[in-house]
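Asks: Take this structure, written in structure tokens, and hold onto it; I'll ask about it next.
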Amino acid sequence: TYYRHHRYIPHFYRYREHSANTENLLPEVSNPVPEVSQPGVPTYPEIPEVFHPAPEVLPPIPEAFHPVPEVVHPAPEPYHPPEVYQPVSEASSPVNMSRLFYGIMFDAGSTGTRIHIYKFIQKDPVELPVLDNEMYHAVKPGLSAYKDNPEEGGNTIRQLLKIAKKTVPEEEWRRTPVVLKATAGLRLLPEDKANALLKEVRDVFDESPFFVPNNSVSIMNGTNEGILAWVTVNFLTGHLYSNTRRTVGILDLGGGSTQITFLPKSRKTIQSAPPSYIARFNLFNHTYQLYTHSYLGNGLYAARLATLGALGADGLDWKIFTSSCLPKKFREDVTFGGTTYKVSGIPDGYAGYKLCYYEVMKVIKGIVHQPYEVKGSSIFYAFSYYFDRAVESGLIDGSRGGAVEVRDFKKRAKEVCNKMTKYRAISPFLCMDMTYITCLLKEGFGFKDSTVLQLAKKVNNVETSWALGATFDYFRNLNIH
Ligand SMILES: O=c1ccn([C@@H]2O[C@H](COP(=O)(O)OP(=O)(O)O)[C@@H](O)[C@H]2O)c(=O)[nH]1
């Protein structure tokens, strides 16, 4: 929680290694295009194909395929080991003849920097390549907090790279790409400050032993952020394996921005959307046309400040920003994106759900577009702060996640706001956050009370984040347009 920023020393707050289970199997590579290798540029096994037109009736699964129902189905053609693979030395190979490769993706978010180290295995010749596991690690605060001290920001990256060096075997370092993509935190900074941070990261990458591709450090645009999270979740849930139109939508609530992405079923959704909200990308012989939008300034932490009237305000040294969403006696300095604000409840005023709802409406009304189809029956996966707040408020169990209806958020928001003292210890912002989430879902996107949201932090043991999709995009250009 950022309001305790002054106690933050950048530190590792999560460390885990987990193996993706067999549902993360990547099906076989089809027709690998031999790559012309360029000096200094390592070559990789192709990210195997995750999209095959599914035959109408599935023939029995041959032994060569892991028998994972729904996720893997036999490819229509016999398997030919791709020719582009580099021989992998025995030392780096768990079993003889196995080929493995790694990808390192940094997520420089507004509230934290995370490293994802993905390990893919290509077993030869009868086994399929699998996404074997993800090493995930995070530090707080995010890079933007170092806007006036980029060197220190660079040190957080250096720290995380140490984990990469421990995770990736030394003989793989040289051909393991390291990429960083920044999201809302850097988008919200003045260009010169953001560029100084990016340059610092580039220098840190350059001094590392990993492969630093061209353009490996950048600010990602909101459209790509939405699409790549959609790719991750649909891959991990097995929806990219068959040629059905069945996919799941995603709702991502970050600190600075929020994304909604889904595959529209109805033409009207596409026709009635602002043209920039429709994006296309190619995934293995198929062009997907998605509804996607990222609302900059509508992430949870940016929305708090907007609700308080503090975002972009002047007189920050002396102004105190108040809200009826906060406990009356609450008073604290809060920091977001390296700027500190004085915030308080209304000591002799009213607090509670109704007033709070009215306040947060300002941040949403007329800003968030309601897609035509969202009232329909698509399944949406909601993660990031949707998940965190649902856990904090007791809506779901943190280790298992679960499905909730939009009306559950509303019910819990009312309870939290009308019993603020009870929830004060969990977070003084819980009422504001829960009310904002309710308002965003209902008044913003236009979800019905009965819409079911699948809340997840991980799917099949892999973080639900755009980072895996971005790694696919790196290895195999998805050609987002
Ligand atoms: O692999 C990840 C990446 C992010 N998050 C969560 O997603 C939110 C990230 O918001 P971020 O700081 O990235 O905001 P943005 O910059 O996207 O607005 C926080 O709840 C993180 O804990 C996560 O759970 N796993």
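Numbering of the sequence shown is given in the numbering used here, commencing with residue 79 and proceeding in unit increments. Just so you know, even glycine gets a beta-carbon here, dropped at the ideal spot from N, CA and C.
State the Cα-Cα distance for the pair V208 and I457, rounded to the nearest angstrom.
Replies: As a first step, residue 208 is located in the sequence shown; it is residue number 130 there, counting from the start. As a first step, residue 457 is located in the sequence shown; it is residue number 379 there, counting from the start. Between V208 and I457, the C-alpha separation is close to 26 Å.
Asks: Is Y214 closer than 9 Å to I328 when the C-beta atoms are compared?
Replies: Walking along the sequence shown from the start, residue 328 turns up at place 250. Walking along the sequence shown from the start, residue 214 turns up at place 136. Their beta carbons are not under 9 Å apart, which means I328 does not touch Y214 by this criterion.
Asks: Below 6 Å CB to CB, which residues in the same chain sit around F340 once its five sequence neighbours on both sides are set aside?
Replies: Translated into positions along the sequence shown, residue 340 becomes position 262. Taken in chain order, the residues that qualify are G327, Y369 and S456.
Asks: Where do the ends of the beta strand (DSSP E) carrying S296 lie?
Replies: Taking the first residue of the sequence shown as 1, we reach residue 296 at position 218. Its beta strand (DSSP E) spans residues V295 to I297.
Asks: Enumerate in chain order the residues of its own chain whose CB-to-CB distance from S528 is below 8 Å, with the five nearest sequence positions on each side excluded.
Replies: Taking the first residue of the sequence shown as position 1, residue 528 is located at position 450. Cβ within range, chain order: E483, V484 and R485.
Asks: Determine the direct distance from the alpha carbon of K407 to that of R502, and round the result to whole angstroms.
Replies: Locating residue 502 in the sequence shown gives position 424, counting from the first residue. Locating residue 407 in the sequence shown gives position 329, counting from the first residue. The straight-line gap from Cα to Cα measures roughly 10 Å.
Asks: Which residues mark the beginning and the end of the beta strand (DSSP E) in which N360 is found?
Replies: Position 282 of the sequence shown holds residue 360. Per DSSP, N360 belongs to the beta strand (DSSP E) from I356 to N360.
Asks: With the cut-off set at 9 Å, would you say I193 and L238 are in Cβ contact?
Replies: Here residue 193 refers to the residue found at position 115 of the sequence shown. Here residue 238 refers to the residue found at position 160 of the sequence shown. Going by C-beta atoms, I193 is nearer than 9 Å to L238.
Asks: Helix, strand or coil for L258, going by three-state DSSP, please let me know.
Replies: Here residue 258 refers to the residue found at position 180 when the sequence shown is read from its first residue. Three-state result, L258: strand.
Asks: Sorted by chain position, which residues of the same chain lie with C-beta nearer than 7 Å to Y355's C-beta, five sequence neighbours on each side aside?
Replies: What you label residue 355 is simply residue 277 of the sequence shown in a count that begins at 1. Once the five neighbours on either side are set aside, the close Cβ partners of Y355 are Y369, T370, H371 and H447.
Asks: With respect to the alpha helix (DSSP H) encompassing F313, which residues constitute its N-terminal and C-terminal limits?
Replies: Working through the sequence shown from its first residue, we reach residue 313 at position 235. Its alpha helix (DSSP H) spans residues G300 to L314.
Asks: Grab me the residues of P228's own chain with a C-beta within less than 7 Å of its C-beta, minus the 5 sequence neighbours each way, in chain order.
Replies: For this step, residue 228 is matched to residue 150 along the sequence shown. Answer for P228: A274, L275 and E278, listed in chain order.
Asks: Rounded to a whole number of angstroms, what is the C-alpha to C-alpha distance between I398 and S188?
Replies: The residue you call residue 398 lines up with position 320 of the sequence shown. The residue you call residue 188 lines up with position 110 of the sequence shown. Rounded to the nearest angstrom, the two C-alpha atoms are 23 Å apart.
Asks: For L556 and F359, I'd like the C-alpha separation in whole angstroms.
Replies: Position 478 of the sequence shown, counted from the start, is the residue given in the question as residue 556. Position 281 of the sequence shown, counted from the start, is the residue given in the question as residue 359. L556 and F359: Cα-Cα distance of roughly 6 Å.
Asks: Identify which residue in V217, T325, K500 and C403 has its Cα closest to the Cα of M439.
Replies: For this step, residue 439 is matched to residue 361 along the sequence shown. Residue C403 is the option with its Cα nearest to M439.
Asks: Quick check on L221: buried or exposed, where buried means 16 or more other Cβ atoms within 10 Å of its Cβ?
Replies: Position 143 of the sequence shown, counted from the start, is the residue given in the question as residue 221. Per the 10 Å Cβ criterion, buried.
Asks: Only counting the same chain, and skipping five residues up and downstream in sequence, which positions put a Cβ closer than 6 Å to that of L331?
Replies: Within the sequence shown, residue 331 is the residue found at index 253, counting from 1. Excluding residues within five positions, the ones whose Cβ falls inside 6 Å are L378, S462, Y463 and Y464.
Asks: Runs of 4 residues minimum, wholly inside the region 326-377: which ones carry the alpha helix (DSSP H) assignment?
Replies: Here the runs fully enclosed are 345-350.
Asks: Relative to ligand 1, is the shortest distance from any of its heavy atoms to the C-beta of Y180 smaller than 8 Å?
Replies: The residue given as residue 180 occupies position 102 in the sequence shown. No.
Asks: Below 7 Å CB to CB, which residues in the same chain sit around P506 once its five sequence neighbours on both sides are set aside?
Replies: Position 428 of the sequence shown, counted from the start, is the residue given in the question as residue 506. Counting only Cβ-Cβ distances below 7 Å, and skipping sequence neighbours, we find L404, P405 and F408.
Asks: Is there contact here, the region 410-429 with the region 284-302, by at least three beta-carbon pairs under 8 Å?
Replies: no
Asks: Indicate whether T261 and D185 have their beta-carbon atoms separated by less than 9 Å.
Replies: If you number the sequence shown from 1, residue 261 lands on position 183. If you number the sequence shown from 1, residue 185 lands on position 107. It is a contact, given that the beta carbons lie within the stated cut-off.
Asks: Closer than 7 Å by C-beta to C517: which residues in its own chain qualify, once you throw out the five before and the five after it? Chain order, please.
Replies: In the sequence shown, the residue the question calls residue 517 occupies position 439. These residues qualify, in order along the chain: Y435, V438, M439 and I442.
Asks: Would you check whether ligand 2 has a heavy atom nearer than 8 Å to the C-beta of T261?
Replies: Of the ligands one can find in the structure shown, namely ligand 1, none is ligand 2.
Asks: E470: which of I445, P449, K500 and V452 sits nearest, CA to CA?
Replies: As a working note, residue 470 is residue 392 in the sequence shown. When only C-alpha atoms are compared, the closest one is K500.
Asks: If you run the structure through DSSP and keep just helix, strand and coil, what is A460?
Replies: Start at 1 with the first residue of the sequence shown, and residue 460 comes out as number 382. Here A460 sits in strand by DSSP.
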